[in-house]
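Undergrad: Numbered according to our numbering, the sequence shown spans residues 2 to 254. Note that CB positions come from ideal geometry on N, CA and C, so glycine has one too. Computed from a prediction, not measured in an experiment: that's the story for all the values here. Quick one: the structure is below, questions incoming.
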Amino acid sequence: MRPKYVVGNWKQNGSLAGNQALLKAVLAGVAAAPGRHCAVCVPFPYLDQAESLLKGSAIAWGCQDVSRFDKGAYTGDVSGGMVAEFGARYAIVGHSERRTVFGDTDAIVVEKFAAAKRSGLTPIFCVGETLAERESGVMEKVLAAQVDSLLEKHGAASLEGAVLAYEPVWAIGTGRTATAAQANEAQAFIRQRIAAKDAGVAKGLAILYGGSVKGSNAAELFAMPDVDGGLIGGASLVAEDFVAIWRAAGAAR
Ligand code: PEP
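What follows is the structure, encoded as structure tokens:
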């Protein structure tokens, strides 16, 4: 049985005082549990704070994007190596907000994936279709292209030890969650796509669902066979909600 993951994506939210209160409350509700992983992906300036508050706890930390370059004249970029120096474990790459607002193409996302791995970080590789794509019947085509961009450049073996997140764009931050059946259908498709290249990697790969996960819908989503936990945006900013999702991941095991 694959482990379940509950990973918070704080996006561009937080303050030193607010983070401290939030993490204190989350720490009170999250203890180490076999077969479950918890993490928060924080804005870069808060990595130091995350390390000092979370070190030695059951909660890992990470960042929400990473440069595709290791070092050099890339003003404004932050390398995986810099992030790793703060004890971070995860790096989200290819989040739909990076793709749509900041122009990250499939080619850039797969470079960021490789850069995260080179730095010893675990990439959380995000894919997902827009509402227009789903409604016009090209969801599988879109997901296949996003997954294939990685498989073609780095091979299926590159996903060993990595995490993938299916995040339908229409469900992110909208309050509109995919049904458990919709999430599982898309995630089973993704897993099969990878299995066609490497069945062993596909079988062991954690595929998370992201898109308006809440305490009230997490258990049903996480009970699905191809849903190995969640990437949580809005609800990761409210300790009570995030802890409820963590508990749901335990109940789903
Ligand atoms: C996300 O940002 O990855 C996300 C899933 O956001 P939300 O949970 O708010 O929809």
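For ligand 1, is there any heavy atom lying closer than 6 Å to the beta carbon of I125?
TA: No, ligand 1 has no heavy atom inside 6 Å of this Cβ.
Undergrad: When we look at the beta-carbon of V202 and count the other beta-carbons within 10 Å, is it buried (16 or more) or exposed?
TA: Buried, by the Cβ-count rule.
Undergrad: Is any non-hydrogen atom of ligand 1 found closer than 6 Å to the C-beta of N218, if you look at the structure I gave you?
TA: N218 Cβ: outside cutoff for every heavy atom of ligand 1.
Undergrad: Taking 6 Å as the cut-off, does the CB of G138 come closer than this to any heavy atom belonging to ligand 1?
TA: Checking the Cβ of G138 against ligand 1 gives no.
Undergrad: From the DSSP output, read off the bridge partner residues of T123.
TA: Its beta-bridge partners are Y91.
Undergrad: Go through its chain and collect everything with a Cβ distance to G251's Cβ below 7 Å, but skip five positions before and after it.
TA: Around G251: A34 and R37.
Undergrad: Taking 6 Å as the line, does the beta carbon of G258 fall inside it for any heavy atom of ligand 1?
TA: This structure cannot settle anything about residue 258, because the visible part of the chain is limited to 2 through 254.
Undergrad: Below 6 Å, is the gap between the Cβ of L23 and the nearest heavy atom of ligand 1?
TA: No, the Cβ of L23 stays beyond 6 Å of every heavy atom of ligand 1.
Undergrad: Around the C-beta of D71, are 16 or more other C-beta atoms found within 10 angstroms, so that it is buried, or is it exposed?
TA: Counting Cβ neighbours within 10 Å, D71 comes out exposed, since fewer than 16 surround it.
Undergrad: For E112, which residues of its own chain have a beta-carbon under 6 Å away from its beta-carbon, when the five flanking residues on both sides are left out?
TA: So the list reads R69, once near-sequence residues are dropped.
Undergrad: Please report the straight-line C-alpha distance between G19 and A61, rounded to a whole angstrom.
TA: Each residue's Cα considered, the two are about 18 Å apart.
Undergrad: Is L232 close to ligand 1? I mean its beta-carbon at under 6 Å from any heavy atom of the ligand.
TA: At least one heavy atom of ligand 1 is nearer than 6 Å to the Cβ of L232, so yes.
Undergrad: Going by C-alpha to C-alpha distance, which of D199, L152, R99 and A220 sits closest to I173?
TA: Closest option to I173, Cα to Cα, is R99.
Undergrad: May I ask you to list the residues that DSSP assigns as paired with Y167?
TA: Y167 is bridged to V128 and Y210.
Undergrad: I'd like to check one pair, G129 with Y1: are the Cβ atoms closer than 7 Å?
TA: With the chain covering only 2 through 254, there is no way to say anything about residue 1.
Undergrad: Apart from the five residues just before and just after K215, which ones in its own chain have a Cβ nearer than 6 Å to its Cβ?
TA: Contacts found: A236.
Undergrad: List the endpoints of the continuous beta strand (DSSP E) containing I173.
TA: Per DSSP, I173 belongs to no beta strand (DSSP E) and is neither H nor E.
Undergrad: Going by Cα to Cα distance, which pick from L17, D229, G234 and V84 is closest to A163?
TA: It is D229.
Undergrad: Buried or exposed for F103, going by 16 or more other Cβ atoms inside 10 Å?
TA: F103 comes out exposed.
Undergrad: May I ask you to check if the CB of N10 is nearer than 6 Å to at least one heavy atom of ligand 3?
TA: Judged by which ligands are present, ligand 3 is missing from the structure shown, whose ligands are ligand 1.
Undergrad: Cβ of L160 within 7 Å of Cβ of A184?
TA: Cβ distance not < 7 Å, so L160 and A184 don't count as in contact.
Undergrad: By Cβ distance below 7 Å, which residues in the same chain neighbour F243 in space, the five residues on each side in sequence not counted?
TA: Here the set comprises G9, V27, I233, A236 and S237.
Undergrad: Return helix, strand or coil for V139, following the three-state DSSP convention.
TA: In the structure shown, V139 sits in coil (DSSP, three-state: anything other than H, G, I, E or B).
Undergrad: From L132 to G211, what distance separates their C-alpha atoms?
TA: Each residue's Cα considered, the two are about 15 Å apart.
Undergrad: Let me check you understand the geometry: is the CB of G77 closer than 6 Å to at least one non-hydrogen atom of ligand 1?
TA: No.
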